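A.B. asks: One structure follows; several queries about it will come next.
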Amino acid sequence: MTRPPLTLVLGALLAACTPAAAPEAPPAPADVAAPAIPEAGAWVEKTSPDSVADTVARLTAAIDASGASVIAVVDHRANAVKAGLDLPETTVVLFGNPAVGTPLMLANRRAALDLPLEILVWRDGDITRIGYLPAPALAERHGIAPSHPSIAAMTAALNKLTDAAAGITPPA
Numbered sequence: 000m001t002r003p004p005l006t007l008v009l010g011a012l013l014a015a016c017t018p019a020a021a022p023e024a025p026p027a028p029a030d031v032a033a034p035a036i037p038e039a040g041a042w043v044e045k046t047s048p049d050s051v052a053d054t055v056a057r058l059t060a061a062i063d064a065s066g067a068s069v070i071a072v073v074d075h076r077a078n079a080v081k082a083g084l085d086l087p088e089t090t091v092v093l094f095g096n097p098a099v100g101t102p103l104m105l106a107n108r109r110a111a112l113d114l115p116l117e118i119l120v121w122r123d124g125d126i127t128r129i130g131y132l133p134a135p136a137l138a139e140r141h142g143i144a145p146s147h148p149s150i151a152a153m154t155a156a157l158n159k160l161t162d163a164a165a166g167i168t169p170p171a
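Just so you know, we're using numbering that gives the first Met the number 0 here: the sequence shown kicks off at 0 and counts up by one.
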């Protein structure tokens, strides 16, 4: 049995390890606009005078009291520690209300990728921050009218819930 020359073996290995050219993406259907990326200014951020844990506790209590449901609380710091990495406190709260979100998915099923809504709570030095993408960014991304009633409801809810998380009491 003869062996192939080393150059043939190396050539075959190189060919096997070289990524093939990525296939071209199929064109978007004519009735679907290219998704818009929210600008940096679209991010809403507030601060909390308390710890991440206390802020998340207030946020989840406010969500429960609002009639929405907490879907998940993701502690990214705890997950980082499991991977042997260090990350300052970083928690995402996923929550939703099907009565509000479902109409958006009926308007454009792709909106389901951004639902349930998410609020990020994290430690930035000595400050606890709360942030989220506003509902109009979701509407823009999925070609939904910003005047859609669900967008208005989400805007009000996100503001009210993050105010509660930050310890801001509404005016009487």
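Each residue gets a CB set at the ideal place from its N, CA and C atoms; glycine is no exception.
Treat the numbers as computed from the prediction; the structure is a model and nothing was measured.
Ignore the nearest five residues each way along the sequence and tell me which others in L93's own chain have a CB closer than 8 Å to its CB.
C.D. replies: Mapped onto the sequence shown, residue 93 falls at position 94. For L93, where only same-chain residues beyond five positions count, the Cβ hits under 8 Å are V69, I70, A71, V72, V73, P115, L116 and E117.
A.B. asks: State the start and end residues of the unbroken beta strand (DSSP E) segment that holds A71.
C.D. replies: The residue given as residue 71 occupies position 72 in the sequence shown. S68 to D74 is the span of the beta strand (DSSP E), which, as asked, contains A71.
A.B. asks: Flag this pair as touching only if the segment 98-109 and the segment 119-127 have three or more C-beta atom pairs under 8 Å; answer yes or no.
C.D. replies: These segments do not touch.
A.B. asks: Distance, Cα to Cα, K159 vs G83?
C.D. replies: Locating residue 159 in the sequence shown gives position 160, where the first residue counts as 1. Locating residue 83 in the sequence shown gives position 84, where the first residue counts as 1. Roughly 37 Å between the two C-alpha positions.
A.B. asks: Where does the unbroken beta strand (DSSP E) through R122 begin, and where does it stop?
C.D. replies: Within the sequence shown, the letter at position 123 stands for residue 122. Here the beta strand (DSSP E) through R122 covers L116 to D123.
A.B. asks: Note down the Cα distance separating T161 from A152, rounded to an integer number of angstroms.
C.D. replies: Working through the sequence shown from its first residue, we reach residue 161 at position 162. Working through the sequence shown from its first residue, we reach residue 152 at position 153. Answer to the nearest angstrom: the Cα atoms are 14 Å apart.
A.B. asks: Can you check which of these residues, R140, P148, A61 and H147, is closest to A41 by C-alpha distance?
C.D. replies: Counting from 1 along the sequence shown, the entry for residue 41 is found at position 42. Closest by alpha carbon: R140.
A.B. asks: Please state the DSSP three-state secondary structure of E88.
C.D. replies: Translated into positions along the sequence shown, residue 88 becomes position 89. Of the three classes helix, strand and coil, the one that applies to E88 here is coil, per DSSP.
A.B. asks: Run through DSSP, which three-state label would S149 get?
C.D. replies: Counted from its first residue, the sequence shown places residue 149 at position 150. Correct three-state label for S149: helix.
A.B. asks: In its own chain, which residues sit with a C-beta less than 7 Å from the C-beta of D49, not counting the 5 before and 5 after it?
C.D. replies: The sequence position of residue 49 within the sequence shown is 50, counting from 1. Closer than 7 Å at Cβ, skipping near neighbours: T127 and G166.
A.B. asks: For S146, collect the residues of the same chain with a Cβ closer than 6 Å to its Cβ; drop the 5 residues on either side in sequence, then sort them by chain order.
C.D. replies: Against the sequence shown, residue 146 aligns to sequence position 147. So the list is empty, once near-sequence residues are dropped.
A.B. asks: Go ahead and pull the three-state DSSP assignment for I143.
C.D. replies: Walking along the sequence shown from the start, residue 143 turns up at place 144. Reduced to three states, the DSSP call for I143 is coil.
A.B. asks: For the beta strand (DSSP E) containing T101, name the first residue and the last one.
C.D. replies: On the sequence shown, residue 101 is found 102 positions in, with the first residue counted as 1. Segment P97 to A106 is the alpha helix (DSSP H) holding T101; no beta strand (DSSP E) there.
A.B. asks: Within its chain, find whatever has a CB closer than 6 Å to the CB of N96; leave out the 5 residues flanking it on each side and keep chain order.
C.D. replies: In the sequence shown, the residue the question calls residue 96 occupies position 97. These residues qualify, in order along the chain: A67.
A.B. asks: Round the Cβ separation of A144 and A136 to the nearest angstrom and send it over; I've been treating them as touching at under 8 Å.
C.D. replies: Counting from 1 along the sequence shown, the entry for residue 144 is found at position 145. Counting from 1 along the sequence shown, the entry for residue 136 is found at position 137. Not quite, the Cβ-Cβ distance comes to about 14 Å (not below 8 Å), so this is no contact.
A.B. asks: Quick check: what's the CA-CA separation for A56 versus R109?
C.D. replies: Working through the sequence shown from its first residue, we reach residue 56 at position 57. Working through the sequence shown from its first residue, we reach residue 109 at position 110. Cα to Cα, A56 sits roughly 31 Å from R109.
A.B. asks: Just the C-alpha distance for N78 and T90, rounded to the nearest angstrom, thanks.
C.D. replies: By 1-based counting over the sequence shown, the position of residue 78 is 79. By 1-based counting over the sequence shown, the position of residue 90 is 91. Between N78 and T90, the C-alpha separation is close to 10 Å.
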